[in-house]
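Visitor: Okay, here's the structure, questions in a sec.
Number of protein chains: 2
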Amino acid sequence: MDKLSAVFAALADPTRRAILARLADGDATVNQLAEPFPMSLQAVSKHLKVLEQAGLITRGKDAQWRPCKLEAAPLREISAWAEQYRRFWDERYDRLDTYLKDLRPGPKPPSEGEVR
Amino acid sequence: MDKLSAVFAALADPTRRAILARLADGDATVNQLAEPFPMSLQAVSKHLKVLEQAGLITRGKDAQWRPCKLEAAPLREISAWAEQYRRFWDERYDRLDTYLKDLRPGPKPPSEGEVR
DNA sequence: AAGTTGATAAACCGGTTGGTTGAATACACT
DNA sequence: AGTGTATTCAACCAACCGGTTTATCAACTT
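Structure follows, in structure tokens:
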């Protein structure tokens, strides 16, 4: 299973997206993450495994707790992938527009490597 | 199955992503889309059904052909969803930048309130 | 040493997915 | 009417998914 597929598949489940949203507020243990869900702890543990394999979280070790941490790199890749198709939804999109937008946020090194 | 999950699930298959990439070059019939793949036409037809249900393509009717067309709106939603997490990968991200972006016209990304 | 807590592992189950083959439908061309 | 072409439908299959329950492991507490 390729990387991108694993990330998309992980994101296809609402429970897992909710877990990511929770982790955006800070690291959490498995029990803390499982608390809001109407399912067993083991089920949540499985979801965490899927997220971990997709590279969306990492798990530490603190005594008997395994604190989970959000890892956003795959989300950046997802975003970049979707941006490939920007010209199909953004009618304002053209090469000049992109250039201007990239300049707007302020003094930035010109060639940022943005592939859009 | 909620909308976002359907889109992510549709994108989780490499064959389906390849179909979208092909459609970015222009509309195509089922046969044309199926040609590069080492699988039956029927299998591709099923993939197209999944993409259609996710809103990623629409299908027209021209005699016995069903030309497929890329629909990018769900990809915009995907991109917007991922952008929620931008601050976790982009260290240049700060509140002012967000504020400026929010002033640009257009729908704002939904705040993940859609658990289950 | 024994018990409690946090978490994972393993076996199981029903439903879904991604593929197959074969039949059916719809249209165009003689 | 009959044939070829484009596509879908239906039945089937193995594999995977999301959940369960039971058992196990690891670390802290008493």
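Protein chains in written order, with numbering that gives the first Met the number 0: chain A, 0 to 115; chain B, 0 to 115. Backbone N, C-alpha and C define an ideal beta-carbon position, used for all residues, glycine too.
(1) Closer than 8 Å is the cut-off here; do at least three beta carbon pairs connect the region 67-78 of chain B with the region 77-91 of chain A?
(2) Quick one: what's got a C-beta closer than 7 Å to S44/A's C-beta in the same chain, skipping five residues either side?
(3) So, is R15/A buried or exposed, given that buried needs 16 or more other C-beta atoms within 10 angstroms?
(4) From which residue to which residue does the beta strand (DSSP E) around L69/A run?
(5) For W88/B, which three-state DSSP category applies?
(6) Since L40/B and I56/B should fall inside the 8 Å C-beta cutoff, what is the C-beta to C-beta distance between them, to a whole number of angstroms?
(7) Output yes or no for whether 7 Å exceeds the beta carbon distance between L50/B and A9/B.
(8) The region 33-46 of chain A: which residues have C-beta closer than 7 Å to a C-beta of chain B, in chain order?
(9) According to DSSP, is T28/A helix, strand or coil?
(10) Would I56/A pass as an interface residue toward chain B - the criterion being a Cβ-Cβ separation below 7 Å?
(11) Under 7 Å, do A71/A and F7/B count as touching if we go by C-beta distance?
(12) Name the residue from A53/A, L19/A and Q31/A whose alpha carbon lies nearest to the alpha carbon of Q83/B.
(13) In whole angstroms, what separates the C-alpha of W88/A from that of K60/B?
(14) If you check the beta carbons only, do P66/B and D24/B fall under 7 Å apart?
(15) Thinking Q63/B and A5/B are a contact (beta carbons under 8 Å), I'd like their distance in whole angstroms, please.
(16) So if I threshold CB-CB distances at 7 Å, which residues from the region 63-85 of chain B count as touching chain A?
(17) Can you give me the C-alpha to C-alpha distance between L22/A and A17/B, rounded to a whole angstrom?
Guide: Looking at the atomic coordinates:
(1) yes
(2) Closer than 7 Å at the Cβ level, and outside the excluded window around S44/A, lie V29.
(3) buried
(4) C67 to L69
(5) coil
(6) About 16 Å separates the two Cβ atoms, so there is no contact after all.
(7) yes
(8) Cβ proximity to chain B below 7 Å picks out nothing from the region 33-46 of chain A.
(9) coil
(10) Between I56/A and chain B, the shortest Cβ-Cβ separation is not below 7 Å.
(11) Contact flag unset, no.
(12) L19/A
(13) Computed Cα separation, rounded: 23 Å.
(14) no
(15) That pair is no contact at about 28 Å.
(16) Only L69, A71, A72, L74, R75, I77, S78, A81, E82 and Y84 from the region 63-85 of chain B bring a Cβ to less than 7 Å from some Cβ of chain A.
(17) 32 Å
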